[in-house]
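**Q** Heads up, the sequence shown is in my numbering, so the first residue is 2 and it goes up one at a time. Structure incoming, see below.
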Amino acid sequence: QEAVACEDSFKWKAVMKEEMNSLRKKKTFVLVDHSAGQKLVSYKWLFKIKEGIEGVQKPRYKAWLVARGFTQRA
């Protein structure tokens, strides 16, 4: 919530979109409808700024979409 509400939100949204495109391209993520009674696995976004080398490389914004596997247990 903080990442998409801060002044750099456009950067975070761009890397989130890149992550989603990457997952779709690798066929590791597919959005599907679910039926009643079907248990869903929840997810969350992780964010990190990878510091660059001062004067040489700009900081990189990274985002990962991760499944919360513990929600899959019965």
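No residue lacks a Cβ here, since even glycine has one placed at the ideal position from N, Cα and C. Here the structure is a predicted model, which means the values were calculated and not measured.
Go ahead and pull the three-state DSSP assignment for R61.
**A** Position 60 of the sequence shown, counted from the start, is the residue given in the question as residue 61. Strand at R61.
**Q** Starting from K45, trace the beta strand (DSSP E) in both directions and tell me its first and last residue.
**A** The residue labelled residue 45 in the question sits at position 44 within the sequence shown. Counting along the chain, the beta strand (DSSP E) containing K45 begins and ends at 44 to 51.
**Q** Under the DSSP definition of a beta bridge, which residues are partnered with L66?
**A** On the sequence shown, position 65 is the one that residue 66 refers to. Bridge partners of L66: W46.
**Q** Is the separation between the beta-carbon of E3 and that of L66 shorter than 8 Å?
**A** For the purposes of this step, residue 3 is identified with residue 2 of the sequence shown, where counting begins at 1. For the purposes of this step, residue 66 is identified with residue 65 of the sequence shown, where counting begins at 1. In this structure, L66 does not lie closer than 8 Å to E3 by Cβ.
**Q** CA-CA distance, V42 and Y62?
**A** Numbered from its first residue, the sequence shown carries residue 42 at position 41. Numbered from its first residue, the sequence shown carries residue 62 at position 61. Near 26 Å, if we compare the C-alpha coordinates of Y62 and V42.
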